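Undergrad: The sequence shown begins at 240 in this note's numbering and counts up one residue at a time. Glycine is no exception: its CB is placed at the ideal position from the N, C-alpha and C atoms. On a predicted model such as this, the values are computed, not experimentally measured, just so you know. What follows is a single structure, and I will ask about it in a moment.
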Amino acid sequence: MKPVAVSSSAKAVASLQSGAAPSLAAGEAVIVTGTNRSRVTQLKSSTPISIVTAERLSQTGAATLGQALEMSSPSVNFPANRANTSATATKQVSLRGLSPDETLVLVNGHRWYPSASVNTGDSFGRGSQAVDLAAIPISAIDHIEVLSDGASAQYGSDAVAGVINIVLRNTDKGGAVGGQAGVYSSGYGFTSQASWWKGFALPHKGKLTISGTYDHHDFVPLNSGTDTRCYYCATSSYPTAHPEKEASAPGRNWQTGMGEGYDLALAATLDQPITDKLDFYGLFNYSQRETAGVSPLRLPNANTNVVGLTPDGYQLRGWGRPQDIAGMAGLKYKSSIGLFDLGFTFGQNKLSMYTTNSENPSYGLNSPRNFYLGQLTDQMKNLELNYKKAFKNNVFASPITVSAGFAQRWENYFQDAGDVASYSFGGVSGVPIGVTGGGYITPEAAAYNRGRSATSGFIGVEADPVKKLTVSLAGRVEGYSDFGTAITGKASARYEVNRFLAFRASVNNAFKAPTIGQLSLFQDTPVQVTPSAAYPSGRAETLLVPSDSAIGQAAGGRALKPEKSINVSGGTVVTINRHAWFTLDGYYLKIRNRIALSNIISGSKVSSVLSAAGYPTVYGIQYFLNMGSTTTTGLDFSGHYDVRVGRGNFVLSGGISYNHTKLDNVTDASLGGSPLVDYYHVTSLFYQATPKMKTIFNETYSIDRWRFTATQTYYGSYGGANNQNPGTQAWFEPLVTADFTVSYAAKGGWDVLIGVQNAANAKPKMVYNSGNGGRLSNSSLAVINPAGSFAYGSVSKTF
């Protein structure tokens, strides 16, 4: 299914939120997600859907789309993930506390491609491979529709928790250019941003819109305390102690935190009529980014340090450099028998990884200090043919809208090795092999590169059988070249009791195919051990392997099954008048065969099993598996009220999202007596790592040329496994943040804004890190920006 052009009523919501007298009240905005009928509004939808306007996104002051969405929608989570180099560079969101890759992302109604990054860190979203929203410039967005319901029958795989449809600007006039700058209350993290968009009129009523955003952000330190470890005591790799240097060790207060970097994102949309019945449309998106992750100090006397190169130790920086390129082209043909839409989408994400100020200790004094670690690439091509037609009839109370479509998708995943010195043995015994911190790609990974295809077809019917009752039915068959066929269906209905009250309900089954990255990813981390009968070469390896590979199967791995879910929801819509309304929806979502990344299983028993299978150098192993099933229940509330106050307009809007996930069953699979799934590395991240409750309330008052906004967000408690100190737990108390902006619309299209995010400087607590000598550090579970209060200002010119 694919939406039509941006609706004028969606723009009216932006006008309302800015305080201008609206031509159409919020809630009456026409939606294009979850339905193929024309003129369906947000409050007339049979499934819960919310709209986030460009105006609201810009009010947040957020640098990335994911952060702006999290600040605007209570059902959206955007953890400040710094688990590893690739996760640091990738900005993913989730719905209803579920994994990021259980939410389908569309752009202009078309399936978007995932990042090449697979999150292998011990953080929320561990094991997921999802869309990186940072590739899309905020300035290019007209509005976003968030469908909080399973929708695989309409859109295919991944639409388990819901759908985020990003609708880009498509206009032949107007434009804006602006700049923003801000800094955190600590004085660190200066951020600057420039953005622009412009619409152009083309011959024959054509429209071209170009947009772009450039953002630069500095490092923000997030540690506290003093490292009390002995830096210069004698060790096997540091035979001569230097106690006289302890008191003056330069690295006692080393810092990790939010790394510096930049983001460049460009977009263009095109709509060009060819004849009265035939239109050509296109889209282009390019993005290039760079973000650093800073490691803890490698101590002078550690075997990860080459004393002759760095006598006082070092802190490496891991750099993720994603590059995205995407395009879309299609034809729409309007005829008496219906609307046909033939479109092709291409999307590619290349994630290049580097490390600077590092070492490969096995090279000794010959070790380079900077390394190219390798590159991951995810590529998607999608060909679609869609059809819809509203058939008039004398039986039903409305026309019967029939939709149908066919899609052919191709996916590929590539792993390219880095510098030889990043992973190889340099000749020095008794020390680690490869760049400290890992993350490098070895040549063996290329053997696991993979491609696959998926073919699908769907049909949908929507109508009002009788007055005030709307019924929608949809079904889809989707066949994959690597795991078989999935059949999904959806039925939803809405009954309007009167103009004040309506009820809606939905039941559907959805599925999520294993991602191409989960099926392909290979990592090899070699270590040196004392030569023995088991390891005569003194080399042992810890591997992450595809579960269906030969070595994966020798370790108990099996071919991954797709996740399958049942989703039942129901709720009410109360419309007091066109200026006041609220919705309340409850849901039940059961997911079977949930895909997770196993523990790293290691030890002598594991070595014996793998040695007997023909892999004598493997000491530890992990892979993706179907870890069990979960049930998520929850409630979503949203509301709106606007009223004239004096000469101005006051708008109150808000939402509450509550969800609770429980484990129904967990696999008891083990290897060498060690379980593949445990609480600390796997299951805790599925049901405890995000707040069960989140609320957002926003107030806007506009008078003359002034606009004042305030936003309060509540995050409930969350926590679980503390990845900074394995085998322990960390729990985070509820937090409240308050954001404020004041803006003035001057003559000539100029707008000046000052704002502050998290004015009270609320922060998640710091946690103990077992490897940091007693220092406290930020947890990668942090649900809000751990840097605290952020003050910013912006100037823009609209024309």
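(1) Give a yes or no on whether the C-beta atoms belonging to residue 396 and residue 752 are separated by under 9 angstroms.
(2) Return the CA-CA distance between residue 445 and residue 285, expressed in angstroms with no decimal places.
(3) Quick check on DSSP: helix, strand or coil for residue 920?
(4) Considering Cα atoms alone, identify which of 404, 575 and 602 is closest to residue 627.
(5) Answer with buried or exposed for residue 487, where buried requires no fewer than 16 other C-beta atoms within 10 angstroms of its C-beta.
(6) Please go through the same chain and pick out, in chain order, the residues whose beta-carbon is closer than 6 angstroms to the beta-carbon of residue 731, but skip the five residues on each side of it.
(7) The beta strand (DSSP E) that contains residue 711, what's its start and end?
(8) Whole angstroms is fine: what's the gap from residue 993's alpha carbon to residue 1032's?
(9) Let's test the definition: count the other Cβ atoms within 10 Å of the Cβ of residue 594 and tell me whether it reaches 16, buried, or not, exposed.
(10) In the region 512-583, which residue ranges form an unbroken beta strand (DSSP E) of at least 3 residues, counting only runs that do not cross its ends?
(11) Would you say the beta carbon of residue 382 is closer than 8 angstroms to some non-hydrogen atom of the ligand ATP?
(12) In this structure, does DSSP put residue 821 in helix, strand or coil?
(13) Which residue from 910, 926 and 894 puts its Cα closest to that of residue 903?
(14) Exposed or buried, residue 884, counting other C-beta atoms within 10 Å across all chains shown (16 or more means buried)?
(15) DSSP beta-bridge partners for residue 507?
(16) Quick check on this structure: which residue in 342, 405, 347 and 351 has the alpha carbon closest to the alpha carbon of residue 304?
(17) Out of 470, 1014 and 282, which has the shortest C-alpha to C-alpha gap to residue 268?
(18) Is it right to say residue 983 is buried, meaning 16 or more other beta carbons lie within 10 angstroms of its own, or is it exposed?
(19) With H, G and I counted as helix, E and B as strand and the rest as coil, what does DSSP make of residue 730?
(20) Which residues in the same chain have their Cβ closer than 8 angstroms to the Cβ of residue 401, if we skip the five residues on either side of it in sequence?
(21) What are the residues that DSSP puts in a beta bridge with residue 342?
(22) Fully enclosed by the region 611-680, which beta strand (DSSP E) runs are 3 residues long or longer?
(23) Helix, strand or coil for residue 481 per DSSP?
(24) Between 518, 762 and 503, which has its C-alpha nearest residue 509's C-alpha?
(25) Output the boundary residues of the alpha helix (DSSP H) element that contains residue 444.
(26) DSSP on residue 496, reduced to helix/strand/coil?
(27) Just curious, the alpha helix (DSSP H) that residue 759 is in, first and last residue?
(28) Helix, strand or coil: how does DSSP classify residue 1001 here?
(29) Measuring alpha carbon to alpha carbon, tell me which of 620, 643, 411 and 946 ends up nearest residue 649.
(30) Hey, how far is the Cα of residue 985 from the Cα of residue 725?
(31) Going by DSSP in three states, residue 377 sits in which element: helix, strand or coil?
(32) What would DSSP say about residue 394, mapped onto helix, strand or coil?
(33) By a C-beta neighbour count over all protein chains shown, 10 Å radius and 16 as the cutoff for buried, is residue 737 buried or exposed?
(34) Could you check whether residue 437 and residue 448 sit closer than 9 angstroms to each other, using their CB atoms as the reference points?
(35) Between 331, 378, 371 and 376, which lies nearest to residue 362 when the distance is taken from Cα to Cα?
(36) Since residue 267 is in the beta strand (DSSP E), which residue starts that stretch and which ends it?
TA: A quick look at the data gives this:
(1) Walking along the sequence shown from the start, residue 396 turns up at place 157. Walking along the sequence shown from the start, residue 752 turns up at place 513. Between residue 396 and residue 752, the C-beta gap is smaller than 9 angstroms, which places the two residues in contact.
(2) In the sequence shown, residue 445 corresponds to position 206, counting from 1. In the sequence shown, residue 285 corresponds to position 46, counting from 1. Approximately 34 angstroms between the Cα atoms of the pair.
(3) Reading the sequence shown from its first residue, position 681 is the one you call residue 920. Per DSSP, reduced to three states, the secondary structure at residue 920 is helical.
(4) To locate residue 627, count along the sequence shown from 1; it is residue 388. For residue 627, the nearest C-alpha among the options comes from 575.
(5) Here residue 487 corresponds to residue number 248 of the sequence shown, with the count starting at 1. It counts as exposed.
(6) Here residue 731 is taken as the residue at index 492 of the sequence shown, counted from 1. Short of 6 angstroms from the beta carbon of residue 731, and not among the five residues preceding or following it, lie these beta carbons of its own chain, in chain order: 285, 286, 711 and 745.
(7) If you number the sequence shown from 1, residue 711 lands on position 472. For residue 711, the enclosing beta strand (DSSP E) has its first and last residue at 708-719.
(8) As a first step, residue 993 is located in the sequence shown; it is residue number 754 there, counting from the start. As a first step, residue 1032 is located in the sequence shown; it is residue number 793 there, counting from the start. The alpha-carbon atoms of residue 993 and residue 1032 are separated by roughly 4 angstroms.
(9) One-based indexing of the sequence shown puts residue 594 at position 355. Residue 594 is buried by the Cβ-count criterion.
(10) If we require 3 residues or more, the beta strand (DSSP E) runs fully inside the region 512-583 come out as 517-533 and 556-574.
(11) Among the components of this structure there are no ligands whatsoever, and the ligand ATP is therefore not found.
(12) For this step, residue 821 is matched to residue 582 along the sequence shown. It is a strand residue.
(13) Here residue 903 refers to the residue found at position 664 of the sequence shown. Answer by Cα proximity: 926.
(14) For this step, residue 884 is matched to residue 645 along the sequence shown. So residue 884 counts as exposed.
(15) Your numbering for residue 507 matches position 268 in the sequence shown. Bridge partners of residue 507: 449 and 523.
(16) Locating residue 304 in the sequence shown gives position 65, counting from the first residue. Comparing C-alpha distances from residue 304 to each of 342, 405, 347 and 351 shows the shortest one belongs to 405.
(17) Residue mapping note: residue 268 aligns to position 29 of the sequence shown, counting from 1. Closest option to residue 268, judged by alpha-carbon separation, among 470, 1014 and 282: 282.
(18) Counted from its first residue, the sequence shown places residue 983 at position 744. Under this definition residue 983 is an exposed residue.
(19) The residue labelled residue 730 in the question sits at position 491 within the sequence shown. Residue 730 falls in the strand class under three-state DSSP.
(20) By 1-based counting over the sequence shown, the position of residue 401 is 162. Only 314, 334, 335, 342, 343, 385, 386, 387, 388, 389 and 390 meet the Cβ criterion.
(21) Within the sequence shown, the letter at position 103 stands for residue 342. Answer is 401, bridged to residue 342.
(22) Listed in chain order, the complete beta strand (DSSP E) runs (minimum 3 residues) inside the region 611-680 are 639-656.
(23) One-based indexing of the sequence shown puts residue 481 at position 242. In this structure, DSSP gives residue 481 a state outside helix and strand, which the three-state scheme calls coil.
(24) Here residue 509 is taken as the residue at index 270 of the sequence shown, counted from 1. Among 518, 762 and 503, the Cα nearest to that of residue 509 belongs to 518.
(25) In the sequence shown, counting from the first residue as 1, residue 444 sits at position 205. For residue 444, there is no enclosing alpha helix (DSSP H), as DSSP marks it with neither H nor E.
(26) Locating residue 496 in the sequence shown gives position 257, counting from the first residue. Correct three-state label for residue 496: strand.
(27) On the sequence shown, residue 759 is found 520 positions in, with the first residue counted as 1. Its alpha helix (DSSP H) spans residues 755-759.
(28) Counting from 1 along the sequence shown, the entry for residue 1001 is found at position 762. Three-state DSSP puts residue 1001 in coil, outside helix and strand.
(29) On the sequence shown, position 410 is the one that residue 649 refers to. Per the Cα distances, 620.
(30) By one-based count along the sequence shown, residue 985 stands at place 746. By one-based count along the sequence shown, residue 725 stands at place 486. Rounded to whole angstroms, residue 985 to residue 725 spans 56 angstroms at the Cα level.
(31) Position 138 of the sequence shown, counted from the start, is the residue given in the question as residue 377. Of the three classes helix, strand and coil, the one that applies to residue 377 here is helix, per DSSP.
(32) Residue numbering aside, residue 394 sits at position 155 when the sequence shown is read from its first letter. In the structure shown, the three-state DSSP call for residue 394 is helix.
(33) The residue you call residue 737 lines up with position 498 of the sequence shown. Exposed.
(34) Taking the sequence shown and counting its residues from 1, one reaches residue 448 at position 209. Taking the sequence shown and counting its residues from 1, one reaches residue 437 at position 198. A contact, by the Cβ cut-off of 9 angstroms.
(35) Within the sequence shown, the letter at position 123 stands for residue 362. Closest by alpha carbon: 331.
(36) Sequence index remark: in the sequence shown, residue 267 carries index 28 (1-based). Per DSSP, residue 267 belongs to no beta strand (DSSP E) and is neither H nor E.
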